[in-house]
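The opening residue of the sequence shown carries number 48 in this note's numbering; numbering runs sequentially from there.
Using N, Cα and C, we set each Cβ at its ideal position, and we do this for glycine too.
Since the model is a prediction, treat every value here as computed from it, not as a measurement.
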Amino acid sequence: MQTDQALYRPFTMVVTLTSGMLAGAVFQKVWKLAAHEDDAPDATDEERAWAEILMAAALQGALLGLTKAILNRGGAKGVRKLTGTWPA
């Protein structure tokens with residue numbers, strides 16, 4: 048295993064966990080601002096409409112993907128800066 052991969056693999060595990068927590072916190076704040084509600088709808092909320100549930104799920108997924116991409120890209124650039132090679 049190359050040095051860049053050895054450094055990057057543990058980082059990706061941390062990024063996955065961190066991005067999930069960070070995206071969840073951002074989602075709660077965004078939902079609160081957008082919907083003027085404290086709690087986002089859950090798929091099993093009987094009182095919520097399909098449109099509201101799907102909108103919340105799409106927003107949450109987009110924020111998770113965006114957060115993970117930002118952290119992964121930054122990590123890969125950091126590994127390249129430290130090792131001189133791009134992690135595979």
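- In the displayed model, Gly121 falls within a helix according to three-state DSSP.
- Taken through DSSP and simplified to helix, strand or coil, Trp97 comes out as helix.
- From the listed residues Val61, Ala90 and Leu113, the smallest Cα separation to Val73 is found for Leu113.
- Segment contact: the segment 110-127 against the segment 65-82, three or more CB-CB distances shorter than 8 Å; contact assigned.
- With respect to Lys115, Val77 sits apart: the two C-beta atoms are not nearer than 8 Å.
- Annotated three-state conformation of Ala87 is coil, per DSSP.
- Trp78 sits in a helix when the DSSP states are folded into three classes.
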